[in-house]
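Chemist: Got a structure here, written out as structure tokens. Questions coming.
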Amino acid sequence: MSARANDFLVWRAAQSVNWDCTHKDIADEVGLSPRAVSAIMARRGWKCLPQDVVFSQPGYVRAASAQRTRSLRELGVDA
């Protein structure tokens, strides 16, 4: 598949949840590796919302990381 097609798949998956997802969520949805998704997003200047959040309370970070995040499929998003 062409690079532009992969870029579109990544954009469409992230846009469908208003960029509130992780690189792994997108990778699971579109069938690419998380590393490939990261490279596409870096090249295009795109960012997922969770990566921009800075946590200052260690207890909150521990509790949040203990929770399993749901994939785009579990959220009911069709690609």
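Okay, so the sequence shown: first residue is 1 according to full-length UniProt numbering, each after it adds one.
We treat Cβ as the ideally placed atom computed from N, Cα and C, and that holds for glycine.
Buried or exposed: which applies to D25, given that a residue is buried once 16 or more other Cβ atoms fall within 10 Å of its Cβ?
Modeler: Answer is buried; the Cβ neighbour count reaches 16.
Chemist: Is the beta carbon of V37 closer than 8 Å to that of V17?
Modeler: No, Cβ-Cβ distance for V17 and V37 is not below 8 Å.
Chemist: Alpha carbon to alpha carbon, how far is L49 from M1? Give it in angstroms, no decimals.
Modeler: Each residue's Cα considered, the two are about 27 Å apart.
Chemist: Using only the alpha-carbon positions, how far apart do V30 and C21 sit?
Modeler: If I take the Cα positions, the gap works out to 13 Å.
Chemist: For a test of the three-state rule: what should DSSP assign to residue 80, helix, strand or coil?
Modeler: There is simply no residue 80 to check, as the chain begins at 1 and stops at 79 in what is shown.
Chemist: For M41, which three-state DSSP category applies?
Modeler: M41 falls in the helix class under three-state DSSP.
Chemist: Are the beta-carbon atoms belonging to A42 and P34 less than 8 Å from one another?
Modeler: Going by C-beta atoms, A42 is not nearer than 8 Å to P34.
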